[in-house]
Each structure stands twice: as structure tokens, then as C-alpha cells.
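A short worksheet on the structure shown next.
There are 2 protein chains.
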Amino acid sequence: MATLADVARRAGVSPATASRVINGSSKPVADELRERVLRAVAELRYVPNAHAQLLARPQRSVVGVVVHDVSDPYFAEVTRGLQRVATDRGRLVIICNSYRDPERELEYVEMLRGQQVAAIVLAGSGYHDADFTARLTEKLAAYEATGGRVAVVGRHEHPGDAVMPANDVGGRLLGEELLRLGHRQIGVIAGPRVLTTITDRLGGLRAALADAGVPLPEDHLRYADFDRDGGARAAAALLDACPGLTALVALNDSMAVGVLALLRQRGVRVPEQMSVVGFDDMPVAADVTPALTTVRLPLVELGARAMTLALDPGSAGDRSRVEVLPATLVRRESLGPAPR
Amino acid sequence: MATLADVARRAGVSPATASRVINGSSKPVADELRERVLRAVAELRYVPNAHAQLLARPQRSVVGVVVHDVSDPYFAEVTRGLQRVATDRGRLVIICNSYRDPERELEYVEMLRGQQVAAIVLAGSGYHDADFTARLTEKLAAYEATGGRVAVVGRHEHPGDAVMPANDVGGRLLGEELLRLGHRQIGVIAGPRVLTTITDRLGGLRAALADAGVPLPEDHLRYADFDRDGGARAAAALLDACPGLTALVALNDSMAVGVLALLRQRGVRVPEQMSVVGFDDMPVAADVTPALTTVRLPLVELGARAMTLALDPGSAGDRSRVEVLPATLVRRESLGPAPR
DNA sequence: CGCTGCCAGGAAAGCGCTTACCTGAAGTGT
DNA sequence: ACACTTCAGGTAAGCGCTTTCCTGGCAGCG
Chain A
0 MATLADVARR
10 AGVSPATASR
20 VINGSSKPVA
30 DELRERVLRA
40 VAELRYVPNA
50 HAQLLARPQR
60 SVVGVVVHDV
70 SDPYFAEVTR
80 GLQRVATDRG
90 RLVIICNSYR
100 DPERELEYVE
110 MLRGQQVAAI
120 VLAGSGYHDA
130 DFTARLTEKL
140 AAYEATGGRV
150 AVVGRHEHPG
160 DAVMPANDVG
170 GRLLGEELLR
180 LGHRQIGVIA
190 GPRVLTTITD
200 RLGGLRAALA
210 DAGVPLPEDH
220 LRYADFDRDG
230 GARAAAALLD
240 ACPGLTALVA
250 LNDSMAVGVL
260 ALLRQRGVRV
270 PEQMSVVGFD
280 DMPVAADVTP
290 ALTTVRLPLV
300 ELGARAMTLA
310 LDPGSAGDRS
320 RVEVLPATLV
330 RRESLGPAPR
Chain B
0 MATLADVARR
10 AGVSPATASR
20 VINGSSKPVA
30 DELRERVLRA
40 VAELRYVPNA
50 HAQLLARPQR
60 SVVGVVVHDV
70 SDPYFAEVTR
80 GLQRVATDRG
90 RLVIICNSYR
100 DPERELEYVE
110 MLRGQQVAAI
120 VLAGSGYHDA
130 DFTARLTEKL
140 AAYEATGGRV
150 AVVGRHEHPG
160 DAVMPANDVG
170 GRLLGEELLR
180 LGHRQIGVIA
190 GPRVLTTITD
200 RLGGLRAALA
210 DAGVPLPEDH
220 LRYADFDRDG
230 GARAAAALLD
240 ACPGLTALVA
250 LNDSMAVGVL
260 ALLRQRGVRV
270 PEQMSVVGFD
280 DMPVAADVTP
290 ALTTVRLPLV
300 ELGARAMTLA
310 LDPGSAGDRS
320 RVEVLPATLV
330 RRESLGPAPR
């Protein structure tokens, strides 16, 4: 690998001059020399060693992002927003998949710190896990103490900048709509109970039902993996256990799609015999049959705002800027009146 | 940010000893000192500066990946395979989205070189663009000349290790199946014509039709964006222009989903009035209605093999290992006999 | 008891780059 | 013509870390 010294030697100049022309320094360099340096760069196919540059000029320009899994459509959207803002500002982003493993999340925070990133965005859901949360907070504090910036998406314990989707409102919206259509026997298919996302969505839904005096018995609620297959399995179990249900609420669209698949397989017509609703309004929601009634979350915007918070210092006064992005109900075909 | 020197000072040892303790060097260190160093690390919340480490110990352990867009389901799958192998071998991966912009692809190769990555995997499709290809090859050659390893997924001009999906075979399978079911008026909705992926899929399809003496007139073929909306738009145009078609071949599943959506909107029943087939077998293919008949490509495997090639030196003898991964037809419901 | 050999720990030389500071030559004013 | 700026270009000091090589102390040996 050619080094700056090689370039300088070949161009017959000092490394300082070579560096200056390569980086377009403000210090003037004679055209003649500049020319020679550029030629040497081309001939040697020189590319600066990024690590050496970062060491010498501690100008942290990359930002780290921790998500559960970029290839999950939910995070794909959020990441798109994150990336857009970062790119607009000339920042590179390092994306880390935690696969919902708290240990891995911790490791990544550490790793990103070692990479000297300018900011860390935690884009995965928060966990109900005091021990983990304490450790995470500790690590983030250490990072922030050295000038690192942190922003989180969703409800985390971490005090500081955050942007969150109105998960509770979304849950409530769903509940109210269900009630409006006469549903009283409602089954809920939730994701991992350790996620604050789940707590919040469920909380909103529960509140809506409670307001109407409609009970949500514990056995109408199933926790499962937060994906298609988890949804299908939970739906199967739920249907077997509680035959009287008229509607199934899946706490994200992936699960809802699984629910739909299971229902189709069992020959249950949706929404005539059973209503199904999802959450998130993933692209797929519009393409399944029947199209999914769901709650739309501005995911791209969520990412974009989070990155903006992470990159903008924020007036020193206001520690902890918190933005809540609205949830809206999207009515499609999978939710109908309760059969009677 | 605490440095190694800080740790050493606080522990009352030399930086050398601190480094040895922290990296678990083979050189023995007295328990007493080790203890002190570890304590100092904890107290200062010390995390080694990754850049400094890479400079001092040029042990390239990260690998770079260039894809079109990780959040596209196709690349999400490929990336999953890539990641799995990389993680198994303790390698970090940097993922770059080129968004099908050749310039950006070039920039990323350069950037990855600057990052001193151990290997670069080009996971996007190749382009039919002599100028771009030449520049890319040049850059990759420069990288390889300094010991970098390169592997590509798909058909690229780049000579060297490659793994490719049997796109042509897949196209042929689709063609044969269509013919078997009596289709003769076939419309094709292709993605960008500059992609080798498109050329190959189309080539296989064309070959199958040609073998049966069935023509594929140019106006039955539309090039569009390689996504859902592109598929929908092209389908609309195609239907308007060629009313006699009995089947629509979309060259990937995203487009096929768009086609399905358009057909639904126009009240065309699938497959009774019009057959639709896709390509790739994305997860969504099974969930749309009617479920999509498509060609399955082992995408995760594709990524996994590519990463394996990139990380395994390969016996010096065989330059350019090429693996072809098979395509298989997946029969579902969107393809039926041609209406007569 | 003096010598060699061994070993834990430290000093210091880089890794490749940037940049503050220095230098020497050319340009300016009187 | 001389002192004084001005300025292009070079010198060298780091950035934070690893690792080679050296040192000084100790045990083991004759």
C-alpha cells in the first residue's frame, strides 16, 4: 500500500506539501508542485489511510447506529431516514445489528466508542431489564462524558435526546376502532414482553378497552416472536384456546401477515369471520389480501429526526429533547364489523 | 477520552504493560500489576482507540460490502448470509448502499480501501457500462495489488472470485412453465437494462421461448424501475399497449407485487384472466394473493458463499473461483393455464 | 562467591497522517 | 542598498497504540 511518504518522494516534495494538496488545504501550493503531487497520487493509486487520518486529525465524522436488524422492514425504514440525514450532512454511518440481544447491544456501544464515532443512535426498542438498562446507561454516560452525542428511538431509560413513535396512541386508536365496529372478544398477539414497544402498544389498546368497560382477559393475550412465524404460531394457539374471538390484534404487521396466512390456511374468512389488524404500516400491509388495517408510524421520519437530534448539539440549556411522532389509523380491508 | 497512557499512569505501570494486559498478550504480567491495570481501565472507562490500534497493528479484520440497498428485501437476504459468515469468523462488516449509482459504487470501493478493509464484496448486480466497468476494474486491481481480496455476487466483468445465481436458468424455467401452460402472448416487465441480472434473466426466458418458436416482440417488453411502483407502472403501460397478453413476467418479486396490485385495481382476475410470475422468491411472494409463482434463488447462501470466498485466500493456483447457485421454480397460484 | 541465563517490565521506535512552527528566499519601502 | 515583511515549502512533533528490544534483578550453576 502506497503511503503519503511514497507520494511525496515520487513527487519530490515534502509529506507536508503532499498532504496539503491532497486535502485541499487552505495553504497555497505552487501549481507546478500541485501538479506533480497529483500525478504521483494517480500513478501510485494512492488512497489515504483513513485510520491514520482519524488519528492525526481527530475530527469524528462517522456516526454509529444500533438497530435490531436492518433487514427487518421496520428498521429498514427507520434506517433509511437515519441514512438520509447523515448523508445530507456528509456523515458516514456504521450500522450494527443487535438482533435483540442486549449483550450484543452493549458490545456495540463499546465498539462504537472505540471507533470514535461522533454520535450513537440507538434505534432498537428499549428493554424492561433493569440490570441491562443500568449497564447501558453507564456505558452511554461514559461515552457522553467524552463529548459523544446520543439519541434514541423509542422509549429507553436513557435520559437525553429521544424521538418516539406514539405507540400508546396507536394502540388506543386500534382499540377504539375495534370497539366501534362492535368487537368485544379481542385476541392480542404481542411480541417479546421485554420490549417497551410492546408495553406501550398494549397499554394503549388496554386503555381503550378499559374505557369502554371491555375486559381483556390474560388468556386472550399471547407473547411470541415479533415476526411472521411468531404471529402465525400465536394465532394458532390463541384460536384453539379461545374460539369465541372476533378480532385479532397483532402488534406489528409482520405478525399480522403471519396471522393472515394461518387464517387462510384454516379457511377462516377475513374480515367476515375474523378481523385482523396490524401495526406499523409496512409496505407489505397494502399488498396482502385482504389489505391490512393497521397503524401507520412515520418510520423514515423517526429515523431522520433521531439523526438530526444526534447531530445537532442542542442548546446547552435543554438536556433531553423529546419528540413524539404521531400514529395514525390506516383503514383497509382486514377489519370489519364483528360477526354476531 | 481516556488513553492508554492515562490508564498506565493511574495503574503505575508502563504503557507497554497496560497494553499487554488489555490485549491479553502472551507475555506474562504479574497478577498484581494486571490487577491494577484492570482496575484503572474500569475506573477510567477506558476503551482503546480502534484507529490507533489499526495503525499500530495493521491487522485488517473488517470487510466491506457494497450492495444496492440493504433495505431492499433481496439484498437484505444476501446481506444476512454475508453477515453470518463474517460474524462466525469474527469479522466486522461495513455495509455501503450504492443505490445503483455507479459513481457511488466507485467512491465506496475507494473509501473501503482507505479503511484498510481485508476484503471487499460487491454484492450488487453488474452493469453493462464499459467505461464504468473499466474504472471499477482498475480500482479493484489497485486494491488487490496491495493484498486486498475481492469477491463479487452476480455477473461482473471483474476477473476473480465470484458467486452467481443461475439467473439465466431461472428465466428459462419460467419460460418453459409458461409455455407448458399454453401461454403464447407473454409480456415482460424488466428492471433497468444496464443490469446484468436483467440481461441474464431475460436471456433465459427468451431462449426458452425461442426454443419453442414463440416470439417475444420488443413491444411486449418494458424496462422500468426494479421495484413495486416500477412494476405497476410498466404493467399499466403494457396492458394498454398490448391487450392480448395472457401472462406477465416480472423480473423480480417486488415488481410482480406491483403488477398484482395494478391488476387488482383494474379488476383483472389472476390467474384466471392473466397470469403473473415473479423472480427471487422474496418472503412476500407467499403472502400476496394470489401467492406468487416465482423462481427461488438461494440468496442467503449466495451471500454466505461470497463472504467465504472473500475470506478464504484460495489456493494460489486457481485465480478466479466461480460458483453458480441454482435457481428453482416455485409453483404457487398466480400462474395458471392460458385463457383461450 | 562469581558467572550465566532467564524473565518481568520499561523505553522507545514506529504505524501514516496532519499541522504548528520554522526557514530561507523573494518582495517591499525608504 | 538595507532591514523588514511576506510567503511557499519543509521540519518535526505528535495522535494513541503495539511490539521489539533492552535492562536490571533474580535464581541457578559451578
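As given, the protein sequences belong to chains A and B, one line each in that order. Numbering of the first sequence is given in numbering that gives the first Met the number 0, commencing with residue 0 and proceeding in unit increments. Numbering of the second sequence is given in numbering that gives the first Met the number 0, commencing with residue 0 and proceeding in unit increments. Glycine included, every Cβ here is placed at the ideal spot set by N, Cα and C. No experiment lies behind these values; they were computed from the predicted model shown.
Item                                                                                                                                                                                                : Value
Which residues does DSSP list as the beta-bridge partners of I119 (chain B)?                                                                                                                        : B:G63 and B:V149
Whose C-alpha, out of B:R154, B:A161, B:V20 and B:D68, is nearest the C-alpha of A310 (chain B)?                                                                                                    : Note that residue 310 (chain B) corresponds to Leu in the displayed sequence, not to Ala. Taking only the C-alpha atoms, the option nearest L310 (chain B) is B:A161.
For V46 (chain B), which residues in chain A fall below 7 Å Cβ to Cβ?                                                                                                                               : E109, R112 and G113
Report yes or no: do three or more beta-carbon pairs, one from the region 20-37 of chain B and one from the region 268-276 of chain A, lie closer than 8 Å?                                         : no
Please determine if the region 115-131 of chain A and the region 110-123 of chain B are in contact, where contact requires at least 3 C-beta pairs separated by less than 8 Å.                      : no
Leaving aside the five residues before and after V151 (chain B) along the sequence, list all residues of the same chain whose C-beta is less than 6 Å from its C-beta, in chain order.              : L121, H157 and A161
Got a sec: is the Cβ-Cβ distance from V152 (chain B) to anything in chain A below 9 Å?                                                                                                              : no
Would you mind working out which of B:G174, B:A235 and B:V267 sits nearest A209 (chain B), comparing C-alpha positions?                                                                             : B:G174
Identify, in the order they occur along the chain, each residue of the same chain with its Cβ nearer than 6 Å to the Cβ of P325 (chain A), setting aside the five sequence neighbours on each side. : A165
Residues of chain A with CB closer than 7 Å to the CB of L53 (chain B), please, in chain order.                                                                                                     : H50
Who are the neighbours of V287 (chain B) on chain A, taking C-beta pairs under 8 Å?                                                                                                                 : D286, V287 and T288
Comparing the C-beta of P282 (chain A) with each C-beta of chain B, is any distance below 9 Å?                                                                                                      : yes
State the beta-bridge partners of N96 (chain A) as determined by DSSP.                                                                                                                              : A:V66
What are the boundary residues of the alpha helix (DSSP H) that V20 (chain A) is part of?                                                                                                           : P14 to N22
Would you verify that the beta carbon of A4 (chain B) is, or is not, closer than 9 Å to some beta carbon of chain A?                                                                                : no
Output the boundary residues of the beta strand (DSSP E) element that contains A165 (chain A).                                                                                                      : Per DSSP, A165 (chain A) belongs to no beta strand (DSSP E) and is neither H nor E.
Step through the CB atoms of chain B and report whether any lies within less than 9 Å of the CB of P72 (chain A).                                                                                   : yes
For my contact list, V258 (chain A) and A231 (chain A) are in at a C-beta cut-off of 8 Å; report their separation, rounded to the angstrom.                                                         : 7 Å
I need the boundaries of the beta strand (DSSP E) containing T327 (chain A), first residue and last residue.                                                                                        : T327 to V329
Using a C-beta to C-beta distance shorter than 8 Å, which residues of chain A count as neighbours of R330 (chain B)?                                                                                : Result: empty, since nearest Cβ-Cβ is about 17 Å, beyond 8 Å.
Do you know offhand how far Y142 (chain A)'s Cα is from A85 (chain B)'s?                                                                                                                            : 27 Å
According to the Cβ coordinates, are R90 (chain A) and P312 (chain A) closer than 9 Å?                                                                                                              : no
Rounded to whole angstroms, what's the CA-CA distance from Q184 (chain B) to P270 (chain B)? Just pull it up for me.                                                                                : 14 Å
Under the rule that 16 or more other beta-carbon atoms within 10 Å means buried, what is E42 (chain B), buried or exposed?                                                                          : exposed
Looking at the unbroken alpha helix (DSSP H) that takes in G229 (chain A), where does it start and where does it end?                                                                               : R227 to A240
Which residues of chain A have a Cβ atom closer than 7 Å to the Cβ of V256 (chain B), listed in chain order?                                                                                        : D286
Which chain A residues are close to R232 (chain B), counting only those with a beta carbon under 9 Å from its beta carbon?                                                                          : The premise fails here: R232 (chain B) is roughly 16 Å from chain A at the closest Cβ pair, so nothing lies under 9 Å.
Establish whether the CB of K138 (chain A) and some CB of chain B are separated by less than 9 Å.                                                                                                   : yes
Once DSSP output is grouped into helix, strand and coil, what is the label at A211 (chain B)?                                                                                                       : coil
In or out: V323 (chain A) buried (at least 16 other Cβ within 10 Å) or exposed?                                                                                                                     : exposed
Looking at the structure shown, is L139 (chain A) part of a helix, part of a strand, or coil, going by DSSP?                                                                                        : helix
How about A49 (chain B) and M281 (chain A): are their beta carbons less than 9 Å apart?                                                                                                             : no
Which residues does DSSP list as the beta-bridge partners of D160 (chain A)?                                                                                                                        : A:A150
Helix, strand or coil, according to DSSP, for R221 (chain A) in the structure here?                                                                                                                 : strand
Measure the beta-carbon distance from S70 (chain B) to A75 (chain A) and round it to whole angstroms, keeping in mind my assumption that it falls under 8 Å.                                        : 3 Å
Have a look at A:T2, A:L139 and A:N251 and flag the residue whose alpha-carbon is nearest the alpha-carbon of G63 (chain A).                                                                        : A:L139
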